[in-house]
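Here's the structure we're looking at; comments come further down.
In this note's numbering, the protein residues as written are 4 to 553.
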């Protein structure tokens, strides 16, 4: 959308009857989410229409800004809203999709069943129908934008430092390029300065974004150039490109100890998209789904949007507590390689116990291996899927291995379940663009991806050492693997430190935000992959100084 001549954005008017009932039992945020979702579904808000900034809408509605930001975050996660760099928040291009026909072979379907979701969207044959359509939770990846006050650690950079990596749409940030992660959309957490995004140039110590400052290599450029000439005319197949599926099988064999064939692999737009398509395939309305607590809230949003009853499951410093799993679960979602966010690595005895539990109960185990290839001072453990491919569905993504905006992930399952997921994707017209698939295939085939992962493992090890040193003497969680760790602190101190750090231009995330219920442990979640090494060191020193003030 064009700006006015004075450089300011045009004023946005939202002429909709948004009526929030403060006397109702339903929270104001939930009311606003439902009303905005319905407005899009009914065409009263159309694709491409810009919404007001959160502060302006909060003033109009007479509610706190947090209510609006939380509603926007949920709608981003569901794919109803989109973000445009430097422009604002828009209604995503969500197309109505008719309910799919019955599929008796698909696990979780009961032919002839039609029920209503609480928001009125029909759930047919165990699928969420209506306008949720092509992968509601990942239909849009918001981009952050907007620069506000300039704090001490919000540094200026030259155009060369802030340029884009060829072949990847991305957002500039501190110390170079910082792409907005599919796994971490704009969520209204501390660090947001206006309704449209995050201040540019600040030190970002939040988790969820891979470092792409070293990605613009000859191999990267060559892969995208060749992919554009080879795959641009290809029609996206719901299975994904056959060559990429074969390369992913080989990659999983080398890196994760998994043996599978291309008929077991479905290429998706990311791990969240894979989870959404799986949920749309195997879940019936009201099915009980176990999620780690604390855990990955995007997974919670996906399951809830598909009509599931989400059941929190306990975790400790080693990951999922298998003996604490409740009965009656249709599916359990876990991050065994590096539990998000506490960072525990699930030991082999627990992995075996989890698989035994799944075989006994008939539940499906969903293994999200989002950053399993980055580990430090510990041996790699076998993927759950490699131990029992009949019971486990494996989710992988290139968002941590390469870059968030590349939009390539995958799902590995039994051949029958993979085929069922593909049928469901075809019904929803959910596909992965062929050009990025071909680029990833070329990087895998030539060994460039393995070399890149090796370089990044060494780079992240250096960064992890900086963070561990900065917080020496404090209780740390999850520092042996992954791209983040947790500094355990009292909840009241966390809020004070986050506010003070924001004033200095350092963006932080809290452990409390990753809980659905009351937090069992509180602290800061420190990511060390989104910003450069020098800024990381300075940001950690600042945070440590704020901690030591108490």
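Just so you know, even glycine gets a beta-carbon here, dropped at the ideal spot from N, CA and C. Remember, predicted model here, so these are calculated numbers, not experimental data.
Could you check what DSSP says for residue 91 in three-state terms: helix, strand or coil? On the chain shown, residue 91 is found 88 positions in, with the first residue counted as 1. DSSP places residue 91 in strand when its eight states are reduced to three.
Local conformation of residue 448 per DSSP, three classes: Walking along the chain shown from the start, residue 448 turns up at place 445. Correct three-state label for residue 448: helix.
Using 10 angstroms around the beta-carbon of residue 309, count the other beta-carbons present and answer buried if the total reaches 16, otherwise exposed. Taking the first residue of the chain shown as position 1, residue 309 is located at position 306. Buried, by the Cβ-count rule.
How should residue 464 be labelled, buried or exposed, when 16 other C-beta atoms within 10 angstroms of its C-beta is the threshold for buried? Looking up residue 464 in the chain shown gives position 461. With fewer than 16 neighbouring CB atoms inside 10 Å of its own CB, residue 464 falls in the exposed class.
Expressed to the nearest angstrom, what Euclidean distance is found between the alpha-carbon atoms of residue 539 and residue 206? The residue labelled residue 539 in the question sits at position 536 within the chain shown. The residue labelled residue 206 in the question sits at position 203 within the chain shown. Counting only the Cα atoms, residue 206 lies some 7 Å from residue 539.
By how many angstroms is the C-alpha of residue 283 removed from the C-alpha of residue 101? Taking the chain shown and counting its residues from 1, one reaches residue 101 at position 98. Taking the chain shown and counting its residues from 1, one reaches residue 283 at position 280. Because the pLDDT of residue 101 is 35, which lies under 50, any placement of that residue in the model is unreliable, and the question is left without a value.
Give me the Cβ distance between residue 525 and residue 514, rounded to the nearest whole Å; I'm assuming they're in contact under 8 Å. Numbered from 1 along the chain shown, position 522 holds the residue referred to as residue 525. Numbered from 1 along the chain shown, position 511 holds the residue referred to as residue 514. Sure, about 6 Å apart at Cβ, within 8 Å.
Apart from the five residues just before and just after residue 233, which ones in its own chain have a Cβ nearer than 6 Å to its Cβ? Along the chain shown, one-based indexing puts residue 233 at 230. Contacts found: 441.
Residue 373 in three-state terms, based on DSSP: Here residue 373 is taken as the residue at index 370 of the chain shown, counted from 1. If DSSP states are grouped into helix, strand and coil, residue 373 belongs with coil.
Is residue 338 closer than 8 Å to residue 361 when the C-beta atoms are compared? Position 358 of the chain shown, counting from 1, holds the residue named residue 361. Position 335 of the chain shown, counting from 1, holds the residue named residue 338. If you check the CB distance, residue 361 and residue 338 do not come in under 8 Å.
Leaving out five residues on either side along the sequence, give the residues of the same chain with a beta carbon under 7 Å from the beta carbon of residue 249. As a first step, residue 249 is located in the chain shown; it is residue number 246 there, counting from the start. If we look at residue 249 and ignore the five residues flanking it on each side, its Cβ neighbours are 265.
For residue 445 and residue 439, I'd like the C-alpha separation in whole angstroms. Translated into positions along the chain shown, residue 445 becomes position 442. Translated into positions along the chain shown, residue 439 becomes position 436. Linking residue 445 to residue 439 through their CA atoms gives a straight-line distance of about 10 Å.
How many Å lie between residue 25 and residue 67 at the Cα? Position 22 of the chain shown, counted from the start, is the residue given in the question as residue 25. Position 64 of the chain shown, counted from the start, is the residue given in the question as residue 67. In this structure, the CA atom of residue 25 is about 12 Å from the CA atom of residue 67.
On the DSSP bridge assignment, give the partners of residue 480 in chain order. The residue you call residue 480 lines up with position 477 of the chain shown. For residue 480, which the question treats as bridged, DSSP gives the partners 489.
Is the number of C-beta pairs between the region 302–316 and the region 347–366 that are closer than 8 Å three or more? No: the two stretches stay apart, fewer than three of their Cβ pairs being nearer than 8 Å.
Where residue 42 and residue 301 are concerned, what is the direct C-alpha to C-alpha distance, given to the nearest angstrom? On the chain shown, position 39 is the one that residue 42 refers to. On the chain shown, position 298 is the one that residue 301 refers to. Distance from the CA of residue 42 to the CA of residue 301, rounded to the nearest whole angstrom, comes to 23 Å.
Return helix, strand or coil for residue 542, following the three-state DSSP convention. As a first step, residue 542 must be located in the chain shown, where it is residue number 539. Shown here, residue 542 sits in a helix according to DSSP, grouped into three states.
Excluding five sequence neighbours on each side, which residues of the same chain lie with their C-beta closer than 7 Å to the C-beta of residue 75? Residue mapping note: residue 75 aligns to position 72 of the chain shown, counting from 1. Within the same chain, residue 75 has close Cβ partners 57, 84, 92, 191.
Does the separation of the CB atoms of residue 35 and residue 21 fall below 8 Å? By 1-based counting over the chain shown, the position of residue 35 is 32. By 1-based counting over the chain shown, the position of residue 21 is 18. Against a cut-off of 8 Å, the Cβ pair of residue 21 and residue 35 comes out as a contact.
Of all the options 304, 434, 224, which has the alpha carbon lying nearest to the alpha carbon of residue 271? On the chain shown, position 268 is the one that residue 271 refers to. The shortest Cα separation from residue 271 among 304, 434, 224 belongs to 434.
CA nearest to the CA of residue 365, picked from 399, 385, 332: Position 362 of the chain shown, counted from the start, is the residue given in the question as residue 365. The shortest Cα separation from residue 365 among 399, 385, 332 belongs to 332.
Does residue 468 pass the burial test, meaning 16 or more other C-beta atoms within 10 Å, or should it be called exposed? Here the question's residue 468 lines up with position 465 in the chain shown. Label assigned to residue 468: exposed.
Considering only C-alpha positions, which residue in the set 273, 306, 297 is nearest to residue 289? The residue labelled residue 289 in the question sits at position 286 within the chain shown. Comparing Cα positions, the closest option is 306.
Can you tell me whether residue 354 is buried or exposed, with buried defined as 16 or more other CB within 10 angstroms of its CB? If you number the chain shown from 1, residue 354 lands on position 351. Buried: at least 16 other Cβ atoms inside 10 Å.
Continuous beta strand (DSSP E) stretch holding residue 23: start and end: Numbered from its first residue, the chain shown carries residue 23 at position 20. Here residue 23 belongs to no beta strand (DSSP E), and DSSP marks it neither H nor E.
Using a Cβ-Cβ cut-off of 7 Å (strictly less than) and excluding sequence neighbours within five positions of residue 229, which residues of its own chain qualify? As a working mapping, residue 229 is identified with position 226 in the chain shown. Cβ within range, chain order: 445.
Take the Cβ of residue 173 as the centre, count every other Cβ of all protein chains shown within 10 Å, and call the residue buried at 16 or more, exposed below. In the chain shown, the residue the question calls residue 173 occupies position 170. Model confidence at residue 173 stands at a pLDDT of 29, short of 50, so the residue's coordinates are unreliable and nothing is read from them.
Considering only their Cβ atoms, is the gap separating residue 304 from residue 286 smaller than 8 Å? Your numbering for residue 286 matches position 283 in the chain shown. Your numbering for residue 304 matches position 301 in the chain shown. Against a cut-off of 8 Å, the Cβ pair of residue 304 and residue 286 comes out as no contact.
Measure the alpha-carbon distance for residue 253 versus residue 37 and round it to whole angstroms. Position 250 of the chain shown holds residue 253. Position 34 of the chain shown holds residue 37. Answer to the nearest angstrom: the Cα atoms are 44 Å apart.
8 Å CB neighbourhood of residue 543 in its chain, flanking five on each side removed: In the chain shown, the residue the question calls residue 543 occupies position 540. Answer for residue 543: 208, 469, 470, 473, 474, 529, listed in chain order.
For residue 171, collect the residues of the same chain with a Cβ closer than 6 Å to its Cβ; drop the 5 residues on either side in sequence, then sort them by chain order. Within the chain shown, the letter at position 168 stands for residue 171. In this predicted model, residue 171 has a pLDDT of only 37, less than 50, meaning its place in the structure is not dependable enough to derive any value.
Between 506, 494, 500, 507, which lies nearest to residue 518 when the distance is taken from Cα to Cα? Along the chain shown, read from residue 1 onward, the residue named residue 518 stands at position 515. Selection 506, 494, 500, 507 evaluated against residue 518 yields 494 as nearest (Cα-Cα).
Residue 213 to residue 379 span [Cα, whole Å]: Position 210 of the chain shown holds residue 213. Position 376 of the chain shown holds residue 379. Taking the straight line joining both Cα atoms gives about 17 Å.
Do you know how far the Cα of residue 30 is from the Cα of residue 553? On the chain shown, position 550 is the one that residue 553 refers to. On the chain shown, position 27 is the one that residue 30 refers to. The straight-line gap from Cα to Cα measures roughly 35 Å.
I believe residue 335 touches residue 328 by the beta-carbon criterion, under 8 Å. Please report the beta-carbon distance rounded to the nearest angstrom. Numbered from its first residue, the chain shown carries residue 335 at position 332. Numbered from its first residue, the chain shown carries residue 328 at position 325. Going by Cβ atoms, the distance from residue 335 to residue 328 rounds to 7 Å, so yes, they are a contact pair.
Measuring only the C-alpha atoms, how far is residue 536 from residue 323? Position 533 of the chain shown, counted from the first residue, corresponds to residue 536. Position 320 of the chain shown, counted from the first residue, corresponds to residue 323. Straight-line Cα distance between these residues: approximately 32 Å.
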